[in-house]
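As you go down the protein sequences, you meet chains A and B in turn.
Counted the way our numbering counts, the first sequence spans residues 1 to 95.
Counted the way our numbering counts, the second sequence spans residues 96 to 587.
For glycine and all other residues, C-beta sits at the position ideal for the given N, C-alpha and C.
Data first, discussion second: the structure below is written as structure tokens.
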Amino acid sequence: MALDKATVTKIAHLARLRVADSEKDSLAGELSNILTFIAQLDQVDTTGVEPMTSVVAMPLPRRPDVVTDGHQQADVLKNAPESTAGFFVIPKVIE
Amino acid sequence: MADLCDLTLAEARDGIRAKKFSSAELTRAHVDAMISARPLNAFISETPVIAKAMADESDKRIARGEARALEGLPLAIKDLFCTKGVRTTAASHILEPFVPTYESTVTSKLWADGAVMLGKANLDEFAMGSSNETSYFGPVENPWRKPGDNRARVPGGSSGGSAAAVAARFALGATGTDTGGSIRQPAAFCGIAGIKPTYGRCSRWGIVAFASSLDQAGPMARTVKDCAILLRSMSGFDPKDSTSVDMPVPDYEKALTGNIKGLKVGIPEEYRVDGMPAEIDAMWRRGADWLKAAGAIIKPVKLLLTTYALPTYYIVAPAECSSNLARYDGVRFGLRTKGDDLTGMYEGTRGEGFGREVRRRILIGTYVLSAGYYDAYYLKAQRVRALIARDFANAFNEVDVLLTPTAPSSAFARGEKSADPIAMYLNDVFTVPASLAGLPGMSVPAGLSSDGLPLGLQLIGRAYDEETVLRTAAVLEEAAQFEARPPVWWKQ
Numbered sequence: 001m002a003l004d005k006a007t008v009t010k011i012a013h014l015a016r017l018r019v020a021d022s023e024k025d026s027l028a029g030e031l032s033n034i035l036t037f038i039a040q041l042d043q044v045d046t047t048g049v050e051p052m053t054s055v056v057a058m059p060l061p062r063r064p065d066v067v068t069d070g071h072q073q074a075d076v077l078k079n080a081p082e083s084t085a086g087f088f089v090i091p092k093v094i095e
Numbered sequence: 096m097a098d099l100c101d102l103t104l105a106e107a108r109d110g111i112r113a114k115k116f117s118s119a120e121l122t123r124a125h126v127d128a129m130i131s132a133r134p135l136n137a138f139i140s141e142t143p144v145i146a147k148a149m150a151d152e153s154d155k156r157i158a159r160g161e162a163r164a165l166e167g168l169p170l171a172i173k174d175l176f177c178t179k180g181v182r183t184t185a186a187s188h189i190l191e192p193f194v195p196t197y198e199s200t201v202t203s204k205l206w207a208d209g210a211v212m213l214g215k216a217n218l219d220e221f222a223m224g225s226s227n228e229t230s231y232f233g234p235v236e237n238p239w240r241k242p243g244d245n246r247a248r249v250p251g252g253s254s255g256g257s258a259a260a261v262a263a264r265f266a267l268g269a270t271g272t273d274t275g276g277s278i279r280q281p282a283a284f285c286g287i288a289g290i291k292p293t294y295g296r297c298s299r300w301g302i303v304a305f306a307s308s309l310d311q312a313g314p315m316a317r318t319v320k321d322c323a324i325l326l327r328s329m330s331g332f333d334p335k336d337s338t339s340v341d342m343p344v345p346d347y348e349k350a351l352t353g354n355i356k357g358l359k360v361g362i363p364e365e366y367r368v369d370g371m372p373a374e375i376d377a378m379w380r381r382g383a384d385w386l387k388a389a390g391a392i393i394k395p396v397k398l399l400l401t402t403y404a405l406p407t408y409y410i411v412a413p414a415e416c417s418s419n420l421a422r423y424d425g426v427r428f429g430l431r432t433k434g435d436d437l438t439g440m441y442e443g444t445r446g447e448g449f450g451r452e453v454r455r456r457i458l459i460g461t462y463v464l465s466a467g468y469y470d471a472y473y474l475k476a477q478r479v480r481a482l483i484a485r486d487f488a489n490a491f492n493e494v495d496v497l498l499t500p501t502a503p504s505s506a507f508a509r510g511e512k513s514a515d516p517i518a519m520y521l522n523d524v525f526t527v528p529a530s531l532a533g534l535p536g537m538s539v540p541a542g543l544s545s546d547g548l549p550l551g552l553q554l555i556g557r558a559y560d561e562e563t564v565l566r567t568a569a570v571l572e573e574a575a576q577f578e579a580r581p582p583v584w585w586k587q
């Protein structure tokens, strides 16, 4: 499985990750090697095997849908790169 | 007084209780040692002021006769555990400014039992690596060197700072986390012990997430007994982690009876991989002989899918990493770089904030989860993962514990494998399978290689049966009599 530069550009955009154009060729090579490595799994017959999503054999616990740990606006905003009037600030998205 | 840094955690605990020395004295000795060992780069943040305050508090408690399980014992905390008011970076540029307003469950439990924080230990960025070379804050150096060769050797990873701090004797113990071998492989490379408990034993709440179906915290220390003591404090149900198990936590120290008569120990032949150095194979056989001499029954077992564990891991872990790391968006915490619009801000922040290995894994993960590839890669890997878990379940119908090497080599030189991701991934060939099955695994120092570097043996147990793993590990430890120490070259 070989990845080309265009695919690297596409998945980098999907991941919202800026990758310098000069890096894309070497990344395509590295990622292709990894994909070749993981393609070994094609040799394993998994017919009828259920995908394993968790190693813990238990149902997810439930709890009442109530606030257990609220009223922490200041703490929530404390590490924000930019905030104002109790809100996170992001670049303008509506013209 | 003998050097307080030479004590094991259990000896230090008993010495403090017997009032042979105070926590303030013990802590000062470790802080001084930590500062003198800066060339190892084992810490991202040192917290000597916090350590002193915690030690003084412990001494007051001891005076009142209220000593708790870990009263006054200085520990290193992997910088992946959120610590309230103390910067927590995950060794990443993107979290460089992050100061949590909350404390992880595991560290809360350690402090509630009286432990003292020395600082935040270095690691591979977001715990992604096997050599501690991917840290934004620079690589950790292994305290061990080959005799006659002054080249820096890697401490293993990702819990490399934790392992180096314990091996160089400036922490009595440390927390680590293990997603595919990140406690066990660095423990082996640095000549110490480390256990990854069963998935669900330790709460993941407040630990920076890498691959949530695999991540698990555990202790690292110089002896099996020290690991047992720490594991008891770190374990336990936490309603804040939906995968935490609601089971009583045994007194693991009491499990170390030294008696393994009649215990069935499995040797998975598939772990005898191509190109494995003869001395590692020989050490593995020696380990089996030691257990046999102690009364265990050695049996070959089959784990047929072993070779497929690494490729399975390198689908599952990057997929979960790409989802988990989506939260680093420059909005709520961490680094932000300016962009012309929202997408530009996201892409710039993440492009600048993540290092090379993390970006590689995010891209692989995004690819295997993307439309058209999800079934072929991700679902396929989850199906193979189910078969790997079934292999282990079958083996544990026949035996009580498995014995394997921890890693396929001793500590390699810095830079030796960093250009080839696959060569680096192969370090975890013996540790990844138990991670995929969620089983407890422990590395114990078993001897030195012909070139004078530590080698470890791994024990893998049934789910929630850390007691058998620890008990067997203590027997191995006793037989191995590993008393070698790294030469102290780092003191400033």
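(message) Which residues of the region 118-141 of chain B have a Cβ closer than 7 Å to any Cβ of chain A? Give them in chain order.
(response) none
(request) Report the three-state DSSP secondary structure of Gln-72/A (helix, strand or coil). (result) coil
(message) Does any residue of chain A have a CB that is nearer than 7 Å to the CB of Val-426/B?
(response) yes
(request) Please name the residue in Met-52/A, Asp-69/A, Ala-12/A, Ser-54/A whose C-alpha comes closest to that of Arg-594/B. (result) The structure shown does not extend to residue 594/B, since chain B is modelled only from 96 to 587, so the question has no answer here.
(request) Evaluate Phe-284/B with the Cβ neighbour count: other Cβ atoms within 10 Å of its Cβ, from every protein chain shown; 16 or more gives buried, anything less gives exposed. (result) buried
(request) Evaluate Tyr-469/B with the Cβ neighbour count: other Cβ atoms within 10 Å of its Cβ, from every protein chain shown; 16 or more gives buried, anything less gives exposed. (result) exposed
(request) With DSSP as the reference, label Met-96/B as helix, strand or coil. (result) Summary for Met-96/B: the model assigns pLDDT 46, below 50, so the residue's position carries little reliability; its value from the coordinates is reported in the next sentence. If DSSP states are grouped into helix, strand and coil, Met-96/B belongs with coil.
(request) Find out if the Cβ-Cβ distance for the pair Arg-214/B, Phe-138/B is shorter than 7 Å. (result) The amino acid at residue 214/B is misidentified as Arg; the sequence shows Gly. Yes, they are a contact pair.
(request) Return no unless some Cβ of chain A is closer than 7 Å to the Cβ of Ser-187/B. (result) no
(message) For Val-181/B, list the residues DSSP reports as bridge partners.
(response) Thr-178/B
(message) So for Gln-280/B, helix, strand or coil by DSSP?
(response) helix
(request) Return the residue from the list Gly-542/B, Ile-111/B, Glu-562/B that minimises the CA-CA distance to Tyr-347/B. (result) Glu-562/B
(request) With DSSP collapsed to three states, give me the class of Arg-248/B. (result) strand
(request) Could you check which residue in Asn-136/B, Ser-140/B, Pro-134/B, Ala-158/B has the C-alpha nearest to that of Ala-119/B? (result) Ala-158/B
(request) Tell me, please, whether the CB atom of Met-223/B is closer than 7 Å to any CB atom in chain A? (result) no
(request) To the nearest angstrom, report how far apart Arg-485/B and Trp-584/B are at their CA atoms. (result) 47 Å
(message) Only counting the same chain, and skipping five residues up and downstream in sequence, which positions put a Cβ closer than 7 Å to that of Thr-293/B?
(response) Gly-533, Leu-534, Pro-535, Ala-558, Tyr-559, Glu-561
(request) Mark Phe-87/A as exposed unless 16 or more other C-beta atoms lie within 10 angstroms of its C-beta, in which case mark it buried. (result) exposed
(message) Quick check on the DSSP output: the beta strand (DSSP E) that includes Met-212/B runs from which residue to which?
(response) 211-216
(request) Out of Ser-505/B, Ala-471/B, Ala-488/B, point me to the one whose CA is closest to Ala-373/B's CA. (result) Ser-505/B
(request) Go ahead and label Pro-516/B buried or exposed: buried means 16 or more other beta carbons lie within 10 angstroms of its beta carbon, across all protein chains shown. (result) buried
(message) Quick check on the burial criterion: 16 or more other C-beta atoms within 10 angstroms. Buried or exposed for Glu-30/A?
(response) buried
(request) Over the uninterrupted beta strand (DSSP E) stretch that includes Met-315/B, give me the two end residues. (result) 311-316
(message) Do Leu-175/B and Val-303/B count as a contact pair if the criterion is CB distance below 7 Å?
(response) yes
(request) For Glu-578/B, collect the residues of the same chain with a Cβ closer than 6 Å to its Cβ; drop the 5 residues on either side in sequence, then sort them by chain order. (result) none
(message) Taking 8 Å as the cut-off, does the region 397-409 of chain B touch the region 355-367 of chain B (at least 3 CB pairs, one atom from each stretch)?
(response) yes
(request) Give a yes or no on whether the minimum CB-CB distance between Lys-24/A and chain B is below 7 Å. (result) no
(request) Determine the direct distance from the alpha carbon of Thr-526/B to that of Asn-489/B, and round the result to whole angstroms. (result) 18 Å
(request) Give the DSSP-derived three-state secondary structure of Phe-428/B in the structure shown. (result) coil
(request) Measure the alpha-carbon distance for Met-96/B versus Leu-102/B and round it to whole angstroms. (result) With a pLDDT of 46 at Met-96/B, under the threshold of 50, the predicted position of this residue should be treated as unreliable, though the coordinate-derived value follows. For Met-96/B and Leu-102/B, the distance between alpha carbons rounds to 11 Å.
(message) Give me the chain B residues within the contact set of Thr-9/A, using Cβ-Cβ distance strictly less than 9 Å, ordered along the chain.
(response) The premise fails here: Thr-9/A is roughly 11 Å from chain B at the closest Cβ pair, so nothing lies under 9 Å.
(message) What would DSSP say about Ile-139/B, mapped onto helix, strand or coil?
(response) strand
(message) Just checking: is the beta-carbon of Val-66/A within a distance shorter than 7 Å of some beta-carbon in chain B?
(response) no
(request) Mind listing, in chain order, the continuous alpha helix (DSSP H) runs of no fewer than 4 residues lying wholly within the region 448-503 of chain B? (result) 451-464, 475-493
(message) Rounded to whole angstroms, what is the Cα-Cα separation between Ala-529/B and Asp-75/A?
(response) 38 Å
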